[in-house]
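Asks: Numbering (this note's numbering), first residue to last: 30 to 883.
Idealized CB from N, CA, C, for every residue including glycine.
Dropping a structure here in structure tokens format, bear with me for questions.
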Amino acid sequence: MRVLEELQLVDKETRRLAPKADVLLSQLEGDAFAPSIQNSMIQVASGSHGDVTSLRDELLQGRARASSVAEPLGLAIAAAGTMPLAHRASLAITPRSRYMEMSADYALLAREQLICSAQIHVEVRDRDQAVAVSPGVSRHLPLLLALSASSPFSVEGSDTGYASSRDLTGQRWPTSGPFAPVSNAKEYDELVDTLIKAGVIADEAMMYYSLAPSVSKPLLELRVCDSCPSVDAISTIAALFRAMVVREAALVDASTPTPPLNPTLHRSMMWRASRSGLEGSLICPETYTPRPAAEVLRSTVELLTDELRASGDLEMVTRFVEGIIRTGTSAYRQRRAYRSRGRLDDVVDQLMSETVGWLTEYKGTEGSLFGAYRPTTWVQSGYIDEAVESNGADRDVYAGVLATARELGAVELRKQQTVADRDLSAAGVTFRATGMDTQQAFPMDMVPRIITAREWGHLTAGVEQRAKALNLFLNDIYRDQDIVRDGIVGLDILEKSPGYRSTGRAAWRGAVRNHISGSDLIYSEAGWQILEDNVRQPSGIAFGVEARKMMERNYPELFATAPQPLNDPTEGYAMMGETLAAALPPHPQDDPRIVVVTRGKDDPSYFEQVKIAEVSGIDLVLPQNLLIEDNVGWEVGPRGRRRIDVMYLRMDEDMFLSSRGADGAELRYKMLRAITAGNVTVANALGNGVGDDKAVYAYVPQMIEYYLGEKPILASVPTYLCAIREHRDRVLERLDQLVVKPIDGYGGAGITIGPEASDEELQERRQELLVKPEQFVAQEVVGLSTLPTFDGAAMQPRHVDLRVFTHLRASGSGVTVHTAPAGLTRVAPAGSLVVNSSRGGGGKDTWIVTEGQT
Numbered sequence: 030m031r032v033l034e035e036l037q038l039v040d041k042e043t044r045r046l047a048p049k050a051d052v053l054l055s056q057l058e059g060d061a062f063a064p065s066i067q068n069s070m071i072q073v074a075s076g077s078h079g080d081v082t083s084l085r086d087e088l089l090q091g092r093a094r095a096s097s098v099a100e101p102l103g104l105a106i107a108a109a110g111t112m113p114l115a116h117r118a119s120l121a122i123t124p125r126s127r128y129m130e131m132s133a134d135y136a137l138l139a140r141e142q143l144i145c146s147a148q149i150h151v152e153v154r155d156r157d158q159a160v161a162v163s164p165g166v167s168r169h170l171p172l173l174l175a176l177s178a179s180s181p182f183s184v185e186g187s188d189t190g191y192a193s194s195r196d197l198t199g200q201r202w203p204t205s206g207p208f209a210p211v212s213n214a215k216e217y218d219e220l221v222d223t224l225i226k227a228g229v230i231a232d233e234a235m236m237y238y239s240l241a242p243s244v245s246k247p248l249l250e251l252r253v254c255d256s257c258p259s260v261d262a263i264s265t266i267a268a269l270f271r272a273m274v275v276r277e278a279a280l281v282d283a284s285t286p287t288p289p290l291n292p293t294l295h296r297s298m299m300w301r302a303s304r305s306g307l308e309g310s311l312i313c314p315e316t317y318t319p320r321p322a323a324e325v326l327r328s329t330v331e332l333l334t335d336e337l338r339a340s341g342d343l344e345m346v347t348r349f350v351e352g353i354i355r356t357g358t359s360a361y362r363q364r365r366a367y368r369s370r371g372r373l374d375d376v377v378d379q380l381m382s383e384t385v386g387w388l389t390e391y392k393g394t395e396g397s398l399f400g401a402y403r404p405t406t407w408v409q410s411g412y413i414d415e416a417v418e419s420n421g422a423d424r425d426v427y428a429g430v431l432a433t434a435r436e437l438g439a440v441e442l443r444k445q446q447t448v449a450d451r452d453l454s455a456a457g458v459t460f461r462a463t464g465m466d467t468q469q470a471f472p473m474d475m476v477p478r479i480i481t482a483r484e485w486g487h488l489t490a491g492v493e494q495r496a497k498a499l500n501l502f503l504n505d506i507y508r509d510q511d512i513v514r515d516g517i518v519g520l521d522i523l524e525k526s527p528g529y530r531s532t533g534r535a536a537w538r539g540a541v542r543n544h545i546s547g548s549d550l551i552y553s554e555a556g557w558q559i560l561e562d563n564v565r566q567p568s569g570i571a572f573g574v575e576a577r578k579m580m581e582r583n584y585p586e587l588f589a590t591a592p593q594p595l596n597d598p599t600e601g602y603a604m605m606g607e608t609l610a611a612a613l614p615p616h617p618q619d620d621p622r623i624v625v626v627t628r629g630k631d632d633p634s635y636f637e638q639v640k641i642a643e644v645s646g647i648d649l650v651l652p653q654n655l656l657i658e659d660n661v662g663w664e665v666g667p668r669g670r671r672r673i674d675v676m677y678l679r680m681d682e683d684m685f686l687s688s689r690g691a692d693g694a695e696l697r698y699k700m701l702r703a704i705t706a707g708n709v710t711v712a713n714a715l716g717n718g719v720g721d722d723k724a725v726y727a728y729v730p731q732m733i734e735y736y737l738g739e740k741p742i743l744a745s746v747p748t749y750l751c752a753i754r755e756h757r758d759r760v761l762e763r764l765d766q767l768v769v770k771p772i773d774g775y776g777g778a779g780i781t782i783g784p785e786a787s788d789e790e791l792q793e794r795r796q797e798l799l800v801k802p803e804q805f806v807a808q809e810v811v812g813l814s815t816l817p818t819f820d821g822a823a824m825q826p827r828h829v830d831l832r833v834f835t836h837l838r839a840s841g842s843g844v845t846v847h848t849a850p851a852g853l854t855r856v857a858p859a860g861s862l863v864v865n866s867s868r869g870g871g872g873k874d875t876w877i878v879t880e881g882q883t
């Protein structure tokens, strides 16, 4: 058996395909390397091998040779059916006459041939035997395709929804399909001649059937597979394919050949394999019913046991198969890499690493879900795992869900996770992380966070206290500024805050300003602490609700272990509707109307905005549909002009005020007059950005004592104000030990984590602190707690935080405060301490026990 695989060439700096195959090939010696139709691809051919071990070794050596020559050219190689950072306009057909003619003759098909496959050739008695065994062997093509699946992304970088989009693209050629409808080699050659004479193909090499006899040698060629980054996977496919051919040849010789599948059924089976890879079900070729792909793979190995033992491949193939089942296909691994941080660069980096022989191996008990899990204690690393003790034992409150996860195992959890991801995409539960071009399904993990009733009572008391103090502060600084006059907060702190705006004075005196607050909490050695306040436009409530729906729908066995009674996060929607209804301006109309103001589909949390409007029975409105006339707000749309009383603002304040309304005029001044006149409420209020300021954050404990006469229930993280010379100098001395944040940053933007930063990043931040120190604060590195998070093959500890939503409503002469029973647990990307949806990562369902448990 031998392998001919196509490899993609990648520019190491840009991570994009590089049309430099001609340059690379000019420096590669030997017949093993050849060009392909696109100048961003090369072909690498192995020699013929009798066992899978020697084949695997040569494949690694060939890739290593190509990689070593590519490195000085600024290139890398990657084996994948498609690459996600390829732009067709920047690529070129290989400058050889055959490929140029193909481009001219086949136009779109040739130009879009940015797909790479792997071919496997197996020796047979003669070419007639190659034709004779093809119908029987073709029954296994869906499984072999699923094993190799490595093309989930289009060349533009969007998720195709398929594990192998390459197979779908390849089926467009006129000479594609499972095998040619002929009875022997002579008929096959006649078919080739007819197609050449008809002008359909240029030569016999353009017969793109998944199974086909060699043009001149006694070989059967398998062409169904994606180019595969895992050498173990492609070696396993080669060994299985040869065993299939040997078995079917014996059946043909015994005049008991395996009958071919019905063409429509076969096409459906191939579609299913392209769609799901090994992460879903395949259609069983015996019963035509769905069957877990892992079961199909294991039963196929069992079917071929005698042939694999005879070739000496059984032990290694069995080991490789279990490894593939445990780690998943390349398509699955690529999606997880992307959803970890929302960066296609990470996908390309992973493909380049796996291609030259690196693939994550999980240490510990083989196949164990927690075999590599290493919880640590405060003393060892500064953080604690909320679910697992330092000795590996489950904490009592998590014992049920973790035991059930172990019973299900990695393969079943990955299958359920794949379905959950698909359901989230179908439901439109999407978010766009910073730097992403498109929305993606918001990653949700199946291990929940569990908060006892006692803990929840403590947290709600703390966030409600904080929300009330911040509301009083915002009202004060935009009116009398008592807190400044009494020396609690310096005027310079306010004036240096980018969020302190004259627009804040438009709201009516005594009104609620932070109608809906989002408090970000962390659990650390110091217990529960407030990490950040969000009083502008905190998002996340809808994602918390969808996390619960996902658990109920996609992980019923895990959800069945939930302690009772449990919170109902959907109550958060009703609470939001009630809060907005209570936010009426002093002069509302008789039948008040509330709208959500959005910038539209480009907003990272657009899904949530749509959901809030839908569930609350209110409308989404774009700024260009707003009209302010005679100090009254209107929506202008298909149903005419309709007055608006409350605008729930879910876009940046500056963008909103500078937008042009329905009359073409800028909204700013007319909107401010309408608010001041008491005809419109903007929730949350304009000017609230000062409350999110990281420097102002440092004074919230003093605000609580000043306005409420109470001690803070929840502590803040100690903060250095770099605007103070003494603080800045201390920060500069310990820059590599501290977290430095822009005072107006949100979404995790602009943060430097000293222990994780490069020398270049620290030097750049040092210069910024010397030039504009007032724009930064610094904090000690806080050891955020961790929770088990499934990475596709095993559980790994990931840092988490918790966003809690607090509502304030005017009531008579006072304000009432309410906390939604729908916390959103957010998960940091692997290896990161930054827990923020805008930086990637994901979320978990938050199980809040509403009574009884402590």
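With a threshold of 8 Å on Cβ separation, who are the neighbours of residue 92 within its own chain once the five nearest residues in sequence on each side are excluded?
Replies: Answer for residue 92: 36, 73, 106, 108, 260, 384, 385, 386, listed in chain order.
Asks: Within the same chain, show all residues whose beta-carbon is closer than 6 Å to that of residue 606, passing over the 5 residues directly before and after it, in chain order.
Replies: Once the five neighbours on either side are set aside, the close Cβ partners of residue 606 are 645.
Asks: Residues bridged to residue 145 by DSSP?
Replies: Looking at the DSSP assignment, residue 145 forms no beta bridge with any residue, so it has no partner.
Asks: CB-CB under 7 Å to residue 588, same chain, minus the five flanking residues each way: which ones, in chain order?
Replies: Hits under 7 Å: 580, 581.
Asks: Determine the direct distance from the alpha carbon of residue 880 to that of residue 640, and round the result to whole angstroms.
Replies: In a straight line, the C-alpha of residue 640 is about 29 Å away from that of residue 880.
Asks: Per DSSP, which one or two residues make a beta bridge with residue 769?
Replies: Note: residue 769 sits in a beta bridge opposite 781, 807.
Asks: Determine the DSSP secondary structure at residue 250, reduced to helix, strand or coil.
Replies: In the structure shown, residue 250 sits in a strand (DSSP, three-state: E or B).
Asks: What are the boundary residues of the beta strand (DSSP E) that includes residue 33?
Replies: Residues 31-40.
Asks: Can you give me the start and stop residues for the beta strand (DSSP E) that residue 664 sits inside?
Replies: Per DSSP, residue 664 belongs to the beta strand (DSSP E) from 661-666.
Asks: By the 10 Å Cβ neighbour count, where 16 or more other Cβ atoms means buried, how is residue 181 classified, buried or exposed?
Replies: Answer is buried; the Cβ neighbour count reaches 16.
Asks: Among residues of its own chain, excluding the 5 on either side of residue 783, which ones have a beta-carbon nearer than 8 Å to its beta-carbon?
Replies: Counting only Cβ-Cβ distances below 8 Å, and skipping sequence neighbours, we find 763, 764, 765, 766, 767, 768, 769, 791, 810.
Asks: Does residue 394 pass the burial test, meaning 16 or more other C-beta atoms within 10 Å, or should it be called exposed?
Replies: Residue confidence for residue 394 is low, a pLDDT of 42 falling below 50, so the modelled location carries little weight and cannot support an answer.
Asks: Which term fits residue 616, buried or exposed, when burial requires 16 or more other beta carbons within 10 angstroms of its beta carbon?
Replies: Exposed, since its Cβ has fewer than 16 Cβ neighbours within 10 Å.
Asks: Along the chain, where does the alpha helix (DSSP H) that runs through residue 337 open and close?
Replies: Start and end: 334-340.
Asks: Going by Cα to Cα distance, which pick from 89, 419, 349, 374 is closest to residue 815?
Replies: Among 89, 419, 349, 374, the Cα nearest to that of residue 815 belongs to 419.
Asks: With 16 other CB atoms within 10 Å as the buried threshold, where does residue 620 fall?
Replies: By the 10 Å Cβ count, residue 620 comes out exposed.
Asks: Any contact of the region 734-745 with the region 474-494, i.e. 3+ C-beta pairs under 8 Å?
Replies: With a cut-off of 8 Å, the region 474-494 and the region 734-745 count as touching, because enough Cβ pairs lie within range.
Asks: Which ranges does the beta strand (DSSP E) cover as unbroken runs of at least 3 residues, wholly within the region 456-543, from first to last along the chain?
Replies: As far as the region 456-543 is concerned, its whole beta strand (DSSP E) runs of at least 3 residues are 473-480.
Asks: Cα-Cα, which of 278, 204, 723, 659 is closest to residue 560?
Replies: Minimum Cα distance to residue 560 is reached at 723.
Asks: So which of 755, 190, 678, 86 has the shortest CA-CA distance to residue 545?
Replies: That would be 678, whose Cα lies nearest to the Cα of residue 545.
Asks: Enumerate in chain order the residues of its own chain whose CB-to-CB distance from residue 567 is below 8 Å, with the five nearest sequence positions on each side excluded.
Replies: Around residue 567: 545, 546, 547, 832, 834.
Asks: Candidates 98, 444, 344: which alpha carbon is nearest residue 355's?
Replies: Cα-wise, what sits closest to residue 355 is 444.
Asks: State the DSSP-derived secondary structure class of residue 70, mapped to helix, strand or coil.
Replies: DSSP places residue 70 in strand when its eight states are reduced to three.
Asks: Can we say the region 81-90 touches the region 264-276, given the rule of at least three CB pairs closer than 8 Å?
Replies: As far as the Cβ criterion goes, the region 81-90 touches the region 264-276, which means the pair count is three or higher.
Asks: Among 248, 225, 274, which one has its Cα closest to the Cα of residue 164?
Replies: Per the Cα distances, 274.
Asks: Indicate the three-state DSSP secondary structure (helix, strand or coil) for residue 392 in the structure shown.
Replies: Its pLDDT being 41, under 50, residue 392 is placed unreliably by the model, and nothing is read from it.
Asks: Does the count of Cβ pairs from the region 184-196 and the region 312-328 closer than 8 Å reach three?
Replies: No: the two stretches stay apart, fewer than three of their Cβ pairs being nearer than 8 Å.
Asks: Looking only at C-alpha atoms, which of 401, 168, 367, 220 sits nearest to residue 439?
Replies: When only C-alpha atoms are compared, the closest one is 401.
Asks: Which of the three DSSP states is assigned to residue 876 in this structure?
Replies: Strand, per DSSP.
Asks: Taking the alpha helix (DSSP H) that residue 824 belongs to, which residues open and close that run?
Replies: Note, residue 824: premise wrong, no alpha helix (DSSP H); beta strand (DSSP E) at 824-840.
Asks: Can you name the start and end residues of the alpha helix (DSSP H) that residue 93 belongs to?
Replies: Unbroken alpha helix (DSSP H) run through residue 93: 81-99.
Asks: According to DSSP, is residue 236 helix, strand or coil?
Replies: If DSSP states are grouped into helix, strand and coil, residue 236 belongs with coil.
Asks: Would you tell me roughly how many angstroms separate the C-alpha atoms of residue 595 and residue 496, rounded to the nearest one?
Replies: Each residue's alpha carbon lies about 25 Å from the other.
Asks: Would you check if the distance between the CB atom of residue 248 and the CB atom of residue 153 is smaller than 8 Å?
Replies: Cβ atoms of residue 248 and residue 153: closer than 8 Å.
Asks: For residue 873, count the other beta carbons within 10 Å of its own beta carbon; 16 or more makes it buried, fewer makes it exposed. Which is it?
Replies: By the neighbour-count rule (16 or more Cβ atoms within 10 Å), residue 873 is buried.
Asks: In chain order, what residues of the same chain have a beta carbon less than 6 Å from the beta carbon of residue 63, not counting five sequence neighbours either side?
Replies: Correct list, in chain order: 72.
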